[in-house]
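Trainee: Letter 19 of the sequence shown, counting from 1, is numbered 1154 in our numbering, and no numbers are missing. Where a beta carbon is used, it is the ideal one built from N, C-alpha and C, also for glycine. Given the structure is predicted, the values throughout are model-derived calculations rather than measurements. Structure incoming, see below.
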Amino acid sequence: MMQQPAPDADTPSGTVLAEIQPGYRIGDRILRHSRVIVAQ
């Protein structure tokens, strides 16, 4: 997980800012988690 400072003061910590790589799943099984940038 990559973290970076929030772009503005109104963005709460832990908010997903961007998806770098999508995740995959088949049914209930997660094959690969998505890679995201999260506000710090």
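(1) Going by DSSP in three states, Q1175 sits in which element: helix, strand or coil?
(2) List the residues that DSSP assigns as beta-bridge partners of I1161.
(3) Smallest Cα separation from V1171: which of I1161, D1143, T1146 and V1151?
(4) Quick check on A1144: does DSSP put it in helix, strand or coil?
(5) Report yes if the CB atom of Q1175 is closer than 8 Å to the CB atom of P1140, and no otherwise.
Mentor: On the basis of the supplied data:
(1) Looking at Q1175 - three-state DSSP - the assignment turns out to be coil, as it is neither helix nor strand.
(2) R1164, per the DSSP bridge assignment.
(3) Of the listed residues, the one whose Cα sits closest to V1171 is V1151.
(4) Of the three classes helix, strand and coil, the one that applies to A1144 here is coil, per DSSP.
(5) In this structure, P1140 lies closer than 8 Å to Q1175 by Cβ.
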